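One structure is given here, and the rest of the page talks about it.
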Ligand code: 5GP
Ligand code: ZN
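In my numbering, the protein residues as written are 983 to 1094.
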């Protein structure tokens, strides 16, 4: 399967790693939308939040458990925003589930 984030996870495409464990990988977004912009992905290919099932929900839950650890590593002690774009109207451009962690400044109150 041709998936950009699977290629980043397996190292075929380089990335700036922030955090890694058995279940997930976190790396800097190539086109940051905030002073700190990191992407967190499960190591297994799940298309989006729209594809979460009883079978893969434990994997997704472990990604969520990693997010506050990653935020701490990134120094986001004053808060941050987590976004997951889903599908066409959600403007998802990479079809491997990912959570954007955005922070490093006071973010816009309006989310879109
Ligand atoms: P989406 O639009 O699907 O929610 O988010 C995809 C994100 O992946 C975008 O913020 C985009 O900048 C980032 N991105 C796309 N290609 C690459 C890449 O090759 N490396 C990294 N680090 N980020 C990428
Ligand atoms: Zn993938």
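Where a beta carbon is used, it is the ideal one built from N, C-alpha and C, also for glycine. Here the structure is a predicted model, which is why all the values come from computation and not from measurement.
Check, Outcome
"Please list, in chain order, all residues of the same chain as residue 1065 whose beta carbon is under 6 Å from its beta carbon, the five residues on each side excluded.", "1082"
"If I'm right that residue 1001 touches residue 1023 with Cβ under 8 Å, what's the distance once you round it to whole angstroms?", "In fact, because the Cβ distance is near 11 Å, the residues do not count as touching under 8 Å."
"Helix, strand or coil for residue 991 per DSSP?", "helix"
"Tell me whether the beta-carbon of residue 1087 lies closer than 7 Å to the beta-carbon of residue 1014.", "no"
"I'd like to confirm something about residue 1009: is its beta-carbon nearer than 6 Å to some heavy atom of ligand 2, or not?", "no"
"Considering only C-alpha positions, which residue in the set 1084, 1094, 1030 and 1091 is nearest to residue 1011?", "1084"
"Can you give me the start and stop residues for the alpha helix (DSSP H) that residue 1050 sits inside?", "1039-1055"
"Bridge partners for residue 1002 per DSSP, in chain order?", "1007"
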